[in-house]
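*Asks:* Quick one: structure below, then a few questions.
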Amino acid sequence: MKRYLLNITLLLVCFSASSQETEMPKADWNGYTQLRFTSNFNEVNSFSMRRLKLWVNSTPSFNNRWGWKVQTTLTSNQNEKFFLQDVLVYYKEGQFQFNMGQFVPHFSLQRFQPDFQIPLTERSTVIDALIPNGTLGVRDIGIETQYTSKSKQLKAWLGVFNGYGIKEYRFDNTGILLTQKTALNINNGHFHLGYSFMYRKANNLKVQKILPDSITYSGGDIRLNAFAQYRTKHFSVQAEYLQANFEGYKSDGWYLLANLLIGKNIVAASWNMYNDAIESNPNFTNVHLAYSYIADGDKLKVMIDNGINIQQNAIQNYVITLQLQIFLNDNL
């Protein structure tokens, strides 16, 4: 009941903020939906709502140092139930920003590229699996410090979190999650290089997509990530490598993604390889070819994504996804 009341309050705040036209509001809102049809021309032919995401955040008129953001989402995968994602308060002081609350720990490049901007219907499999809380609700509760150099060429993050995601709350938690990420912009931002590091003292944790579902893991959990990106106004290519180590178990993977913008058309291709820590599972390869028509930037976009799954050098599955993306507010 509390969650429904919170989401109703969020919607009321959103629309009341948008109605203030005489002066700059202290809060702003936006949201978007992605509607899909997916088919493998065999067992699966289905329509779904991939997400309806809504958020409200403070504006500069709220305070010149303090700010906040609340974000919620609704998806067919969660039986059309609202899910509270971000509850974030931040404080800025010079070149530092301090984030407190529930949010995504900084780790990897693609995880912090908005899903409405990614030229594919989903992030890479290795990203979903090997970021710190990939199957634990993605977010965590904790604090994080962000440093930005005066030249904007260097950014670094250092965070401390509960370490078990947001699908449950533990009053007797004995674990901890430490994250560190550094990113460097070179040549006027055309080159973007960096790394991420994570250490977790896990306590009775189920790490799906990496370890067998029958295992509840306690012990050290170390994750490593390196990324690189080259981008221009019309072309972008990026790659990442991720690795997870669980005191004897190891999982890793990488992806390569390239996209080309021609007028209002985007053509994208990706190659993704992922190895989990389950010995009986073969290595996983995924190839995507996608086309998008951007009628009004990210605010109105149509996408066709062709995905091919390859295992043991044989095509196991082909899936085509048609997606319509629409923003709810014009202030993107």
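Under mature numbering (1 follows the signal peptide of the UniProt record, and there is no 0), the letters of the sequence shown match residues -19 to -1, 1 to 313, in that order.
By construction, the Cβ of each residue, glycine as well, lies at the ideal position given by its N, Cα and C atoms.
What you are looking at is a predicted structure, and each value in this text was computed from that prediction instead of being measured.
1. Could you give the DSSP three-state label for D109: helix, strand or coil?
2. What does the Cβ neighbour count give for N206, buried or exposed, with the cut at 16 atoms within 10 Å?
3. Which one of N312, Q304, M254, A271 has the shortest CA to CA distance from Q293?
4. With a threshold of 7 Å on Cβ separation, who are the neighbours of N298 within its own chain once the five nearest residues in sequence on each side are excluded?
5. What residues in its chain sit with their C-beta under 6 Å from that of N267, if we drop five residues either side in the sequence?
6. What is the DSSP secondary structure of R151, counted as helix, strand or coil?
7. Three Cβ pairs or more, each shorter than 8 Å: is that satisfied between the segment 71 to 84 and the segment 228 to 240?
8. Ignoring anything shorter than 3 residues or poking outside the segment 258 to 310, list the beta strand (DSSP E) runs there in chain order.
9. Under the three-state reduction of DSSP, which class applies to R104: helix, strand or coil?
10. Between A110, E74, Y180, which has its C-alpha nearest Y128's C-alpha?
11. So, at 7 Å on beta carbons, what are the nonlocal neighbours of L237 in its own chain, with the 5 sequence-adjacent residues on each side left out?
12. So L242 packs on H269, CB below 8 Å; how close in whole Å?
13. Confirm, please, whether the CB-CB distance from A164 to residue 318 is below 7 Å.
14. Starting from the C-beta of T12, find all residues in its chain whose C-beta is less than 6 Å away, skip the five residues before and the five after it, and write them out in chain order.
15. Closest by CA to G144, which one among K131, Q161, G123?
16. Between V25 and the rest of its own chain, which residues show a CB-CB distance below 8 Å, the 5 nearest in sequence each way excluded?
17. What first and last residue would you give for the beta strand (DSSP E) that runs through T129?
18. What residue range is occupied by the uninterrupted beta strand (DSSP E) comprising G12?
19. In terms of residues, what are the limits of the beta strand (DSSP E) holding I247?
20. Do you know offhand how far F64's Cα is from Q52's?
21. Please name the residue, chosen from R31, N44, G146, G48, that lies closest to V37 on a Cα-to-Cα basis.
22. With respect to the beta strand (DSSP E) encompassing G200, which residues constitute its N-terminal and C-terminal limits?
23. Can you give me the C-alpha to C-alpha distance between A(-3) and T54, rounded to a whole angstrom?
24. Enumerate in chain order the residues of its own chain whose CB-to-CB distance from residue 314 is below 6 Å, with the five nearest sequence positions on each side excluded.
25. DSSP on S(-2), reduced to helix/strand/coil?
26. Residues in its own chain within less than 6 Å of F43 by CB, not counting five upstream and five downstream?
27. In angstroms, rounded to a whole number, what distance separates the CA positions of Q304 and P100?
28. Nearest to I203 by CA position, among L90, N185, V218, Q161, is which residue?
29. For K62, count the other beta carbons within 10 Å of its own beta carbon; 16 or more makes it buried, fewer makes it exposed. Which is it?
*Replies:* Let me lay it out:
1. Here residue 109 corresponds to residue number 128 of the sequence shown, with the count starting at 1. Correct three-state label for D109: helix.
2. As a position in the sequence shown, residue 206 is number 225, starting the count at 1. Buried is the call here.
3. The count along the sequence shown starts at 1 and reaches residue 293 at position 312. Selected option, being the one with the closest Cα: M254.
4. Walking along the sequence shown from the start, residue 298 turns up at place 317. Once the five neighbours on either side are set aside, the close Cβ partners of N298 are N21, N290.
5. If you number the sequence shown from 1, residue 267 lands on position 286. Hits under 6 Å: T106, N253, N290.
6. The residue given as residue 151 occupies position 170 in the sequence shown. Here DSSP, grouped into helix, strand and coil, assigns R151 to coil.
7. Cβ pair count under 8 Å is below three, so no.
8. 265 to 279, 281 to 292, 295 to 308
9. The count along the sequence shown starts at 1 and reaches residue 104 at position 123. Residue state, collapsed to three classes: coil.
10. What you label residue 128 is simply residue 147 of the sequence shown in a count that begins at 1. Residue E74 is the option with its Cα nearest to Y128.
11. The residue given as residue 237 occupies position 256 in the sequence shown. Excluding residues within five positions, the ones whose Cβ falls inside 7 Å are A220, S251, W252.
12. Here residue 242 refers to the residue found at position 261 of the sequence shown. Here residue 269 refers to the residue found at position 288 of the sequence shown. That belief does not hold up - the Cβ atoms of L242 and H269 are roughly 17 Å apart, past 8 Å.
13. Since the displayed the chain opens at -19 and closes at 313, residue 318 lies outside it and no answer follows.
14. The sequence position of residue 12 within the sequence shown is 31, counting from 1. Here residue 12 is Gly; the residue named in the question, Thr, does not match the sequence. Cβ within range, chain order: K34, L35, L309.
15. Indexing the sequence shown from 1 puts residue 144 at position 163. The shortest Cα separation from G144 among K131, Q161, G123 belongs to G123.
16. For the purposes of this step, residue 25 is taken as residue 44 along the sequence shown, with counting starting at 1. T19, V300.
17. Translated into positions along the sequence shown, residue 129 becomes position 148. First-last of the beta strand (DSSP E) with T129: 121 to 129.
18. Mapped onto the sequence shown, residue 12 falls at position 31. Unbroken beta strand (DSSP E) run through G12: 8 to 20.
19. Taking the first residue of the sequence shown as 1, we reach residue 247 at position 266. 246 to 256 is the extent of the beta strand (DSSP E) around I247.
20. The residue labelled residue 64 in the question sits at position 83 within the sequence shown. The residue labelled residue 52 in the question sits at position 71 within the sequence shown. One C-alpha to the other measures close to 9 Å.
21. Here the question's residue 37 lines up with position 56 in the sequence shown. Selected option, being the one with the closest Cα: G48.
22. Locating residue 200 in the sequence shown gives position 219, where the first residue counts as 1. 198 to 212 is the span of the beta strand (DSSP E), which, as asked, contains G200.
23. Counting from 1 along the sequence shown, the entry for residue -3 is found at position 17. Counting from 1 along the sequence shown, the entry for residue 54 is found at position 73. With a pLDDT of only 49 at A(-3), under 50, the local geometry of the prediction cannot be trusted, and the value read off the model is given with reservation. Rounded to the nearest angstrom, the two C-alpha atoms are 19 Å apart.
24. Lying outside -19 to 313, the shown extent of the chain, residue 314 is not represented and no answer is given.
25. As a working note, residue -2 is residue 18 in the sequence shown. Low confidence applies here, because S(-2) scores a pLDDT of 49, under 50, leaving its location unreliable and the question unanswered by this model.
26. Position 62 of the sequence shown holds residue 43. Here the set comprises K7.
27. Working through the sequence shown from its first residue, we reach residue 304 at position 323. Working through the sequence shown from its first residue, we reach residue 100 at position 119. About 11 Å.
28. Position 222 of the sequence shown, counted from the start, is the residue given in the question as residue 203. Cα-wise, what sits closest to I203 is Q161.
29. On the sequence shown, position 81 is the one that residue 62 refers to. The residue in question, K62, is exposed, as its Cβ has fewer than 16 Cβ neighbours within 10 Å.
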